[in-house]
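Chains as they are written, first to last, in this note's numbering: chain A, 103 to 627; chain B, 103 to 627.
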């Protein structure tokens, strides 16, 4: 009886919410929302009450959901698929005309006005919440939220948490200053490749120089783009000289959407919790038609291809080359594609507008994933142990795939020069060389072999912050020091002065003594 | 039925060994063994086969145990209680004669010959294993151990693991170069106080200067003391120019015997697992006589005092002062003491040669712990939420207690100047000011609120290394870089040269052009 009681108690402890709290969520739009929503659903399942702040024209964030209550703010953020589609097409065009590091850099920088505008609008949204609707801010203040959960790719949630004096949990990969680690953990540029650099943790002298230079330039640009907006916002509500980035660094817990089968080993901080791949789960049974198609592949198996939610199609000539390469394979291919059907498409390829990617990647017949290199897709491939042929297009995709390539689990094809031959060669290499699959399955084992699943970990630490009203004991406040103190420049300078002064005094004493000796000797002579 | 199967399966997964492996243990003597033994017992309970290497005169490590098989090596390490007792008496004597930081430093340094001798003997022990008994090294090589578990306070296990090509797990707080973090994680001396400094993470300019200076001097001394022995050993078996400390840095997992309710927040690395307090467990029922004594304390409760396993007694005059202070309290006192019974001892104080410290600290009537400040005792006090009056004597005890003092959970009394009045005042302050207990109970909550208990975590990661034959993906190899590359000195130097050269060239071109203009003008004139 005692044993049964123990077992039931144990199971209950694991399944019942520890503490039902109130969570305020300030999300970031686009694919970031997909990750945030996974967290929200799980927190809701554990009995927490969740309020999501959204703009009138929110693009991914639904107004109604069984998992949260939303507050729609009458502010337009102006985010839409259209802009990004045009941007991606332009990127693709420039890439195909040949691209140096400098061209890619300029290309990224062409986004800066859009980003600046986005941050400006986010600040307007925060101002609306605090000033324009007294009933709203009153409601937010009086509800007694336990925590603010936000994605700091924009700073709205961070500033609002500070205004409302709420503990802060970040669901994060990027802050407004770029990759999140760089904002709060020591990141020696000698072995920590700067994000988007496509470098590894083992760099040559030239690569280290490039790493340091480009990181410095990028950080300067990020600060130029976002700084004015958040500085003005902080001056309005807090202190005219407050460094807005301190508010980010003051976050209690950073739920970092990577782990070390993806990221290279690097210094970290006690309040960083790695939750990379928290959206992955065991594959469910496929819909009957897909399952039938997959089963027809026999021993050759299936290739799954998707270029992410943003990119449904490619320029027709590229699509034709890809289709032609697929047509020559004995494998079956399932291709998520919304564009015009390429004429070279053979019977072995199934074109669909949408597919259950996680379930397909987890199917035992899946041999290969052709991916654009978004982190969500990469983590699903790692989780299910499926090697990758990468077709990176924009943003961090080149960098993500270069990480996978350096681990020997992916082959990357340049979209600028792709043709049926090069694409088929890449597919052949990954399909025929068993080391790709073996290494990916090893990565999968390492990724899955954790004492706590990434999603459980994310929930535990969010609830931890709610239970203890923060996590101050895990968070250094060293970021408040001026840089010359942080890097001990003042201390080293002081010690050098002391040494120089000592040398100078000793030298002069010796000189004086020598002079006197010489004078005395002269007198004696 | 399905549910019952699930529950049973789940419970079995948690209780059955995941993988029964073979573990080679190279322990460190003295109180370090107590911690190692906790790990060994748990690993044995999970079905692993453990072999412990010990010297002929091993001091704490028993030859026979139900938990491990020992291999006794016919080498004398010369470690014994006697030396440390004499050393501690001497320390106490010097402390009482007044002590500056410099005196304390000199005192610590007086240990250096003993430490040098210890490391020399450890190296002889390794040489014995590898060279003197071919059957032994053959046995070790052929047994097929899955991992070497060692405490790197000496380097024997680290070198042997490298020789036997075994994955390496460190059960660690100190390496041969001092506190373990400093050997492998970035440790900015501007906010990471150097161990033994009694500083916090918020330092004044003078404190930061002291921190940097003393750390540099200490590191130099550590290297002087241990360097020659391990360098010679590595030259003998590996490579004449191998930096022996790289072998430590190559460890797969560092089971660090602290956590962040004890340590100040600071940078860490992905392969550091915090297991501070892994020896703590819920209190068991006290023996009848102790329980009866505790119950007589009524609402006043009990004070528990111990000065650690090494120090059973104090100079009689100090003991008399302490006994006299206790005599004036309404609380009952349980004192672990092996020396002469002080005449001032009153009826409220029970003198015992040994007591179950964890069970006493966990008793609901315990109000206060008078402790020398060893980490084991401090973690037990944190675990059970009992505030501390500290009487630090030697080693890291001052530093440990200063950490607790900075968190407002301990009052520290200087053994050099202690008398009944000052000691009683300290006891009164901690007993009467409820904030000490409240803060300690908050620390206790934070310490206990982890997704995995520290001991489970230690076991998980040891088994992880066994399962995957290492943890290379969590371990940076940046330590292999030369210092000037690690700190980007070469890159910054190169960039400065480029800038200077550019300035020089541009300046000269402009000068030439100006000269020509002037000449032409002169000609025209």
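Cβ coordinates follow ideal geometry from the N, Cα and C atoms, glycine included. Note that the structure is predicted; figures quoted are calculated from it, not measured.
Which two residues bound the contiguous alpha helix (DSSP H) that contains residue i?
i	result
residue 54(B)	This structure cannot settle anything about residue 54(B), because the visible part of chain B is limited to 103 through 627.
residue 373(A)	Here residue 373(A) belongs to no alpha helix (DSSP H), and DSSP marks it neither H nor E.
residue 311(B)	307-339
residue 258(A)	258-265
residue 140(A)	133-147
residue 429(B)	418-429
residue 547(A)	536-550
If you measure from the beta carbon of residue i to each beta carbon in chain A, is any gap under 7 Å?
i	result
residue 118(B)	Below a pLDDT of 50, predicted positions are generally treated as unreliable, and residue 118(B), at 41, falls in that range; no measurement from the model is reported.
residue 540(B)	no
residue 412(B)	no
residue 272(B)	no
residue 588(B)	yes
residue 489(B)	no
residue 600(B)	no
residue 377(B)	no
residue 269(B)	no
residue 616(B)	no
residue 511(B)	no
Could you give the first and the last residue of the continuous beta strand (DSSP E) run that contains residue i?
i	result
residue 356(B)	355-358
residue 172(B)	171-175
residue 83(A)	Nothing in the structure corresponds to residue 83(A), since chain A is present only between 103 and 627.
residue 250(B)	249-252
residue 451(B)	451-454
Does any CB atom of chain B fall closer than 7 Å to the CB of residue i?
i	result
residue 347(A)	no
residue 369(A)	yes
residue 114(A)	Below a pLDDT of 50, predicted positions are generally treated as unreliable, and residue 114(A), at 41, falls in that range; the measurement from the model is reported next regardless. So no, residue 114(A) is outside the interface.
residue 363(A)	yes
residue 578(A)	yes
residue 495(A)	no
residue 80(A)	Not covered by the structure: residue 80(A). The range shown for chain A is 103 to 627.
residue 548(A)	yes
residue 372(A)	yes
residue 593(A)	yes
What did DSSP end up calling residue i once you bin it into helix, strand or coil?
i	result
residue 407(B)	strand
residue 618(A)	helix
residue 124(B)	strand
residue 623(B)	helix
residue 473(A)	strand
residue 276(A)	strand
residue 583(B)	coil
residue 604(B)	helix
residue 281(B)	strand
residue 568(A)	helix
residue 44(A)	Only positions 103 to 627 of chain A appear in this structure, which leaves residue 44(A) out of reach.
residue 438(B)	strand
residue 211(A)	helix
residue 512(A)	strand
residue 496(B)	coil
residue 363(B)	coil
residue 593(B)	helix
residue 532(A)	helix
contact_flag[the stretch 516-530 of chain B, the stretch 417-432 of chain B] where n(CB pairs < 8 Å) is 3 or more: yes
Taking Cβ-Cβ distances below 8 Å as the criterion, which residues of the stretch 279-296 of chain A are in contact with chain C? The displayed structure is made up of protein chains A and B, and chain C is not among them.
Chain B contacts made by the stretch 551-576 of chain A, where a contact means CB separation under 9 Å: Answer set for the stretch 551-576 of chain A: 551, 552, 553, 554, 558, 559, 562, 563, 566, 569, 570, 573, 574, 575, 576.
If the cut-off is 8 Å on Cβ atoms, which residues from the stretch 293-320 of chain B count as contacting chain A, listed in chain order? Listed by position along the chain: 293, 303, 304, 307, 310, 311, 314, 315.
At a CB distance below 8 Å, what residues from the stretch 390-407 of chain A approach chain B? Give them in sequence order. none
Pairs of beta-carbons, one from the stretch 258-266 of chain A and one from the stretch 227-238 of chain A, closer than 8 Å: are there three or more? yes
Would the stretch 507-523 of chain B count as touching the stretch 538-551 of chain B if we require 3 or more Cβ pairs under 8 Å? yes
Cβ contact (3+ pairs, closer than 8 Å) linking the stretch 555-574 of chain B and the stretch 352-366 of chain B: yes
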